[in-house]
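K.L.:
Below you'll find the structure I mean.
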Amino acid sequence: MKKSTQLKNLIRSNQLETIMEAHNALSAKIVEETGFKGIWASGLSISAALGVRDNNEASWTQILEVLEFMSDATTIPILLDGDTGYGNFNNARRLVQKLEQRDIAGVCIEDKLFPKTNSFIRGEVQQLADIEEFSGKIKAMKDVQKDDDFVVVSRVEALIAGWGVKEALKRAEAYRQAGADAILIHSKQSDSNEIEAFMKEWGNRHPVVIVPTKYYKTPTSLFQELGVSLVIWANHNLRASIKAMKETSGKIYQDQSLLHVEQTVSPLEEVFHLQNEEELGHAETLYLPQS
Ligand code: SPV
Ligand code: MG
């Protein structure tokens with residue numbers, strides 16, 4: 000099944016679905032092998048892995064290069080965190096064309112201004128996009144896609160900016176009418192109260208995506224009860240790898256020896272497996288002269 004169709008089915012399925020963050024081909028492959036049905040190509044994680052801030056410091060074509068490796072290495076759909084679409088409607092629709100060419104299943108854009116800042120950094124002073132302008136951007140993206148199943152998720156940042164649930168509902172409804180396939184409602188609170196308030200008013204109008212990074216204590220079963228369609232575990236492979244790399248670098252530096260790390264790191268065979276080394280071995284028997 001096409002990756003776009005897989006993602007559309009996840010968003011439309013009656014049960015709660017989850018997708019997991021990746022920031023390069025290696026982490027994307029691990030997400031797939033774990034059993035997840037989809038990948039969140041996180042802007043925060045990709046930029047952190049590139050050594051830059053989550054402020055559109057990496058150009059959109061640099062992000063595309065990372066995505067191409069992620070997509071080539073996997074068979075499950077990738078939902079790109081497309082920030083604000085990297086400009087106005089015209090930049091955003093060109094992004095859709097380039098994503099479709101790379102078999103990326105969908106993109107999420109947020110109603111902020113370029114260059115954006117991560118939602119957990121000074122959220123209240125972040126400016127929101129004009130509703131009409133952002134709705135035009137969604138329409139342009141939906142109009143340009145060639146594959147009917149390509150997914151556009153519209154992310155509402157009203158709660159992040161402190162504008163309240165009423166404004167969030169107003170924006171979500173406008174973006175639904177503009178043609179978005181799903182609404183991502185984001186919150187930075189440590190409990191899920193405002194997400195619950197949003198969901199109760201929203202009902203089953205249209206699929207909803209959430210990112211419970213800050214309200215991680217809320218049981219996942221509650222999200223299902225609220226009618227949420229898709230949960231994104233947004234940055235945990237990045238954060239896990241930072242911890243593992245710090246511990247390993249620290250131990251080797253301290254001991255000036257590999258003795259106490261060999262058993263704690265992945266074996267080289269695992270690395271070769273993740274690179275699909277087996278396939279090359281097989282291809283060599285087919286295509287190289289066998290003496
Ligand atoms: C990301 O993963 O880059 C996101 C989610 O946009 S958040 O960091 O919560 O804004
Ligand atoms: Mg992001």
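Going by numbering that gives the first Met the number 0, the residue at position 42 of the sequence shown is 41; the numbering climbs one at a time, nothing skipped.
By construction, the Cβ of each residue, glycine as well, lies at the ideal position given by its N, Cα and C atoms.
Remember, it's a predicted structure, so these values are computed and weren't measured experimentally.
Exposed or buried, T76, counting other C-beta atoms within 10 Å across all chains shown (16 or more means buried)?
P.N.:
Checking the sequence shown, residue 76 turns out to be Pro, not Thr. Flag for P76 reads buried.
K.L.:
If distances are taken between C-alpha atoms only, which option among E246, T263, N236 comes closest to A24?
P.N.:
N236
K.L.:
Using 8 Å as the threshold, is the C-beta distance between V207 and I182 below it?
P.N.:
Yes, the Cβ-Cβ distance between V207 and I182 is below 8 Å.
K.L.:
For S256, is the beta carbon positioned less than 7 Å from some heavy atom of ligand 2?
P.N.:
no
K.L.:
Closer than 7 Å to a non-hydrogen atom of ligand 2 - does that hold for the CB of E82?
P.N.:
Residue identity check: residue 82 is Asp in the sequence provided, not Glu. Yes; taking the cut-off as 7 Å, the Cβ of D82 has a heavy atom of ligand 2 nearer than that.
K.L.:
Give the C-beta separation of F133 and D110 to the nearest angstrom, bearing in mind that I take them to be a contact with Cβ-Cβ under 8 Å.
P.N.:
5 Å
K.L.:
Quick one: complete alpha helix (DSSP H) runs, 4+ long, within the stretch 215 to 241?
P.N.:
219 to 225
K.L.:
For L43, verify whether its CB is less than 7 Å away from any heavy atom of ligand 1.
P.N.:
yes
K.L.:
Three or more C-beta pairs closer than 8 Å, one from the stretch 37 to 49 and one from the stretch 246 to 261: is that the case here?
P.N.:
no
K.L.:
For M19, which of helix, strand or coil comes out of DSSP?
P.N.:
strand
K.L.:
Since V302 and D129 are thought to touch, with beta carbons under 8 Å apart, how far apart are those beta carbons, to the nearest angstrom?
P.N.:
Coverage of the chain is limited to positions 0 through 290, which leaves residue 302 absent and any answer about it impossible.
K.L.:
If distances are taken between C-alpha atoms only, which option among S70, S46, T74, A72 comes closest to Q61?
P.N.:
S46
K.L.:
Rounded to whole angstroms, what is the Cα-Cα separation between G202 and N13?
P.N.:
In a straight line, the C-alpha of G202 is about 14 Å away from that of N13.
K.L.:
Can you name the residues that DSSP bridges to R154?
P.N.:
E109, L183
K.L.:
In this structure, how does DSSP classify L287 when only helix, strand and coil are distinguished?
P.N.:
coil
K.L.:
Quick one: give me the first and last residue of the beta strand (DSSP E) that A40 is part of.
P.N.:
38 to 40
K.L.:
Are the CB atoms of V164 and F119 within a distance shorter than 8 Å?
P.N.:
Cβ atoms of F119 and V164: not closer than 8 Å.
K.L.:
Check this for me: beta carbons of K187 and G122, under 8 Å apart or not?
P.N.:
Yes, they are a contact pair.
K.L.:
Buried or exposed: F271, going by 16 or more other Cβ atoms within 10 Å of its Cβ?
P.N.:
exposed
K.L.:
In the DSSP output, what is D80 paired with across the bridge?
P.N.:
C107
K.L.:
Considering V207, what are the terminal residues of the beta strand (DSSP E) in which it resides?
P.N.:
207 to 209
K.L.:
With a threshold of 7 Å (Cβ to nearest heavy atom), would D190 be considered close to ligand 2?
P.N.:
no
K.L.:
When you compare only the Cα positions, how much space is there between E56 and C107?
P.N.:
18 Å
K.L.:
Per DSSP, L127 is paired with what?
P.N.:
K111
K.L.:
Enumerate in chain order the residues of its own chain whose CB-to-CB distance from G84 is below 7 Å, with the five nearest sequence positions on each side excluded.
P.N.:
N90, A91, L94, I108, K136
K.L.:
Please state the DSSP three-state secondary structure of E200.
P.N.:
Correct three-state label for E200: helix.
K.L.:
State yes or no: is the C-beta of E117 nearer than 7 Å to some heavy atom of ligand 1?
P.N.:
Note that residue 117 corresponds to Asn in the displayed sequence, not to Glu. Yes, the Cβ of N117 comes within 7 Å of a heavy atom of ligand 1.
K.L.:
Figure out for me which residue from L63, A72, P114, S220 has the closest Cα to the Cα of R52.
P.N.:
When C-alpha distances from R52 are compared across L63, A72, P114, S220, the shortest belongs to P114.
K.L.:
Just the C-alpha distance for K250 and V260, rounded to the nearest angstrom, thanks.
P.N.:
Using only the alpha carbons, I get a separation of about 7 Å.
K.L.:
For a minimum of 3 consecutive residues, which ranges assigned as the beta strand (DSSP E) are wholly contained in the stretch 134 to 178?
P.N.:
150 to 155
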